[in-house]
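This report refers to the structure that appears directly beneath it.
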Amino acid sequence: MTQPSTNASSDSALSVRGLRTVFHTDAGTAVAVDGVSFDLAAGETLALVGESGCGKSVTALSILRLIPSPPGEITDGEVLFDGRALLGLPEREMRRVRGNDISMIFQEPMTSMNPVFRVGAQIASVIRLHRGLDRAAAWTEAVRALERVNIPEAARRAQDYPHQLSGGMLQRVMIALALACGPRVLIADEPTTALDVTIQAQILSLLREVRRDTGMAVLLITHDLGVVAETADAVAVMYAGRIVERAPVAELFANPAHPYTRELFQSLPVLNAGAARLHAIRGSVPPATAYPAGCRFHPRCSRALPVCALREPPVAEVGPGHTAACWLHCPEAAAEPPAAEGGKGA
Amino acid sequence: MSGDLLVVRDLVKHFPVRGGVFGRAVASVRAVDGVSFSIPRGATLSLVGESGSGKTTTGRLVLRLVEPTSGEVSFDGTDVLRADRGTLRALRKRMQIIFQDPYASLNPRMTVGGMLGEILRVHRLARGAAVAARVAELLDLVGLPGAAADRYPHEFSGGQRQRVGIARALAVEPEFIIADEPVSALDVSIQAQILNLLKDLQERLGLTYLFISHDLAVVRHISTHVAVMYLGRIVETAPAADLFAAPVHPYTKALLAAAPVPDPAARRDRLVLAGDVPSPINPPSGCPFHPRCPDVRPECPRTAQRLADTGSGHFAACAVHAPERH
Chain D
45 MTQPSTNASS
55 DSALSVRGLR
65 TVFHTDAGTA
75 VAVDGVSFDL
85 AAGETLALVG
95 ESGCGKSVTA
105 LSILRLIPSP
115 PGEITDGEVL
125 FDGRALLGLP
135 EREMRRVRGN
145 DISMIFQEPM
155 TSMNPVFRVG
165 AQIASVIRLH
175 RGLDRAAAWT
185 EAVRALERVN
195 IPEAARRAQD
205 YPHQLSGGML
215 QRVMIALALA
225 CGPRVLIADE
235 PTTALDVTIQ
245 AQILSLLREV
255 RRDTGMAVLL
265 ITHDLGVVAE
275 TADAVAVMYA
285 GRIVERAPVA
295 ELFANPAHPY
305 TRELFQSLPV
315 LNAGAARLHA
325 IRGSVPPATA
335 YPAGCRFHPR
345 CSRALPVCAL
355 REPPVAEVGP
365 GHTAACWLHC
375 PEAAAEPPAA
385 EGGKGA
Chain W
5 MSGDLLVVRD
15 LVKHFPVRGG
25 VFGRAVASVR
35 AVDGVSFSIP
45 RGATLSLVGE
55 SGSGKTTTGR
65 LVLRLVEPTS
75 GEVSFDGTDV
85 LRADRGTLRA
95 LRKRMQIIFQ
105 DPYASLNPRM
115 TVGGMLGEIL
125 RVHRLARGAA
135 VAARVAELLD
145 LVGLPGAAAD
155 RYPHEFSGGQ
165 RQRVGIARAL
175 AVEPEFIIAD
185 EPVSALDVSI
195 QAQILNLLKD
205 LQERLGLTYL
215 FISHDLAVVR
225 HISTHVAVMY
235 LGRIVETAPA
245 ADLFAAPVHP
255 YTKALLAAAP
265 VPDPAARRDR
275 LVLAGDVPSP
285 INPPSGCPFH
295 PRCPDVRPEC
305 PRTAQRLADT
315 GSGHFAACAV
325 HAPERH
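Chains D and W, in that order, give the protein sequences. In terms of the working numbering, the first sequence is residues 45 to 390. In terms of the working numbering, the second sequence is residues 5 to 330.
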């Protein structure tokens with residue numbers, strides 16, 4: 045049973061407001077995240093979905109202040125957790141938030157673990173650090189944490205080094221590590237992308253189980269709309285550093301409102317099995333150093349209006365809890381002179 | 005002779021695992037363990053399976069980029085495995101490969117035009133001014149602008165690089181292309197562009213494909229025939245429409261059930277396969293899938309099943325569907 049997430053903004057576990065993260069590169073300033081705002085309710089799973097380079101991972105890393113600086117820099121915005129503004133916290137306090145209150149799991153479990161320590165010891169050290177238990181008690185807790193993520197023979201497996209475990213097992217260890225201190229928010233950055241499909245199914249069902257048991261909120265970062273459909277309560281679609289559409293999951297899949305979301309669905313082979321040709325979105329994602337003016341999707345959009353190249357679209361309410369940043373959903377755009385539609389297509 | 009361009013029989017590749025002070029072979033990885041299939045001219049056979057299933061090694065063996073331990077590969081009637089250097093060289097002009105990561109398979113110090121030109125000159129396909137003309141033609145064929153000839157691989161996006169990889173494969177005018185996870189590293193919107201391109205090229209040039217992928221949705225879209233691999237063996241093979249409409253082998257069923265569907269209404273308690281894929285160094289006895297199989301029978305750990313016809317070209321290696329003659 046999934047919990048409905050109608051009142052997303054009332055009791056939010058995590059709020060992000062106007063987040064802007066840039067990277068200073070040789071090619072200029074890359075604006076990876078540009079004014080991203082969302083609320084994550086307690087117990088809710090919000091999927092942040094988009095293609096590579098859209099800023100979804102940078103958003104996640106910015107929340108935990110894990111952006112390497114330099115070259116990265118959070119230039120604007122606020123992250124609110126439990127009434128506290130995380131971006132202004134001293135590093136010492138921030139360290140207490142990470143792992144304790146907000147935890148994160150990554151795509152590559154192998155590169156996120158220390159190869160020279162036993163997996164049990166790595167979990168135990170986190171428990172000792174955050175919960176102040178002694179060595180023996182922390183080890184017992186670590187084994188219990190491994191049992192909770194369904195690792196068979198957990199006491200024996202705790203003695204293994206990371207290279208002795210398969211990818212799926214390691215991802216379970218990562219989840220055990222992330223959950224060891226009972227966080228209220230889990231950020232999962234492409235948690236199943238590196239895994240085979242049968243193992244992915246195991247990990248997704250584990251994440252659902254854990255969420256049901258603990259009631260924690262999950263921010264799921266993924267490019268896979270299949271994973272979104274199976275796990276999320278709400279979805280925010282990102283493109284070129286911005287959230288272009290946000291909706292409850294059923295609503296988004298039933299009535300995608302932003303042309304980017306619609307075209308993304310049309311390009312999925314699994315939804316268009318009978319089609320001889322897939323719909324391909326023309327062109328490619330613009331570099332973060334040189335976004336087009338107006339709506340950032342307009343050069344690739346099949347329904348672009350003249351106004352799209354000139355002005356940024358406002359966020360329009362298109363349904364209950366469903367917003368889209370698109371001129372097509374703004375009545376005043378329709379009042380503009382008709383589009384020279386033939387100009388771009390063919 | 006039938007209309008099959010490629011026929012593979014009982015292909016086996018065991019890689020030695022060396023250990024100890026003297027580096028003796030202490031075990032072997034049975035990467036490919038008796039694989040047979042054939043591909044009709046103009047068709048697309050997909051090898052689908054999880055990591056370690058042997059699908060990539062099978063592709064390499066067909067081209068003899070890796071020498072097989074045993075088996076037969078016949079390309080248009082020519083025995084590939086017993087071909088001498090000259091014959092093999094001539095064969096490789098007709099058989100090409102596209103890799104998953106085009107960036108790793110392109111020379112970073114050569115312009116795209118320089119790279120394609122070199123292929124044309126080495127294979128004596130064009131010389132002088134004809135080289136530049138043919139390079140432009142190839143770029144146009146894969147949907148790249150002519151100016152791409154003067155650029156280096158790092159100047160392209162992932163999707164464009166894969167187009168360059170395809171242009172390189174097409175430079176020698178092959179009949180047969182092995183595409184090894186060609187869209188796995190690409191975003192969905194770009195993936196669609198490349199899949200459409202591969203389909204267009206097949207129609208225009210009459211190409212035959214061996215398509216290697218872990219992605220069932222992609223396989224379903226591009227294939228005429230599908231072979232599902234598990235631990236070095238083909239466990240089920242059928243025309244694509246049949247396989248997806250009526251999978252027979254429990255592993256195929258589990259694989260199809262495991263793939264997440266982008267439809268929240270289809271969210272369901274599905275069959276989640278327990279355990280990991282076993283090691284190909286020491287595969288389970290009998291049917292290699294039996295330790296994870298939901299329909300396991302008493303005989304499964306003892307007898308390995310051969311592929312048996314379950315009707316209309318649909319073959320499966322499973323005791324549940326074995327003919328009742330033993």
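The beta-carbon is built from N, C-alpha and C at its ideal position, and this holds for glycine as well. Given the structure is predicted, the values throughout are model-derived calculations rather than measurements.
Non-local beta-carbon contacts of W:A244 in its own chain, meaning distances under 7 Å to residues more than five positions away in sequence, involve R224, S227, T228, H229, V230 in chain order.
Under the Cβ distance rule, W:A108 does not count among the residues neighbouring chain D, no pair being separated by less than 9 Å. Annotated three-state conformation of D:L349 is coil, per DSSP. The continuous stretches of alpha helix (DSSP H) do not include W:F180, which lies in the beta strand (DSSP E) extending over residues 180 to 184. Within chain W, the C-beta atoms nearer than 8 Å to that of D:Q244 come from A262, P264, in chain order. Uninterrupted alpha helix (DSSP H) stretches at least 4 residues long and entirely within the stretch 161 to 204 of chain D occur at 163 to 175, 179 to 192, 198 to 201, given in chain order. Note that the C-beta distance between D:G212 and D:H174 is not below 9 Å. For a Cβ distance threshold of 7 Å, nothing in chain D lies close to W:G24: the least Cβ distance comes to about 20 Å. Using a Cβ-Cβ cut-off of 9 Å, W:E185 does not count as an interface residue toward chain D, since no Cβ of chain D sits closer than that to its own.
With fewer than 16 neighbouring CB atoms inside 10 Å of its own CB, W:F26 falls in the exposed class. In this structure, DSSP gives D:G270 a helical state, which the three-state scheme calls helix. Apart from sequence neighbours up to five positions away, the residues of its chain that approach D:F297 with a beta-carbon distance below 7 Å are A273, ordered along the chain. Counting only the Cα atoms, D:R290 lies some 6 Å from D:H366.
For W:Y156, the secondary structure class from DSSP, reduced to helix, strand or coil, is coil. For D:I149, none of the residues of chain W pass the 7 Å Cβ criterion, the least Cβ distance being about 18 Å. According to DSSP, residue pairing for D:P292 in a beta bridge involves D:A278. According to the DSSP assignment, D:T73 belongs to the beta strand (DSSP E) that extends over 72 to 85. For D:Q310, the enclosing alpha helix (DSSP H) covers residues 303 to 310. Bounds of the alpha helix (DSSP H) holding D:R142 are 135 to 144.
A Cβ-Cβ distance of about 6 Å is found for the pair W:P298 and W:P254, placing them in contact under the 8 Å criterion. Here W:N200 is buried. Its C-beta has 16 or more other C-beta atoms within 10 Å. According to the DSSP assignment, D:P357 belongs to no beta strand (DSSP E), since it is labelled neither H nor E. Interface with chain W (9 Å Cβ-Cβ cutoff): D:R201 is excluded. For the pair D:G259 and D:R228, the Cα-to-Cα distance works out to about 8 Å. CA-to-CA, the gap between W:L209 and W:F180 works out to about 10 Å. As DSSP reads the structure, W:I226 sits in no beta bridge.
Apart from the 5 residues on each side of it in sequence, D:R252 sits with its Cβ closer than 7 Å to the Cβ of T275 in its chain, given in chain order.
Nearest to D:V254 by alpha-carbon distance, out of D:Y205, D:T236, D:P375, D:R216, is D:R216.
Two segments are said to touch when three or more pairs of C-beta atoms, one from each, lie closer than 8 Å; by this definition the stretch 89 to 100 of chain D touches the stretch 187 to 195 of chain W.
Interface flag for D:G270 against chain W is set, since a Cβ pair is found closer than 9 Å. D:D78 is classed as buried because its beta carbon has at least 16 other beta carbons within 10 Å across all chains shown. Among the residues facing chain W, D:V293 is included, as its CB has a counterpart in that chain under 9 Å away. Per DSSP, D:G338 lies in no alpha helix (DSSP H) and is assigned neither H nor E.
Under the Cβ criterion (8 Å, minimum of three pairs), the stretch 106 to 119 of chain D counts as touching the stretch 59 to 69 of chain D.
Taking each of D:A168, D:Y205, D:A189, D:G270 in turn and checking the Cα distance to D:N158, the smallest one comes out for D:Y205. Proximity to D:P357 across D:L349, D:A369, D:H342 peaks at D:A369, based on C-alpha coordinates.
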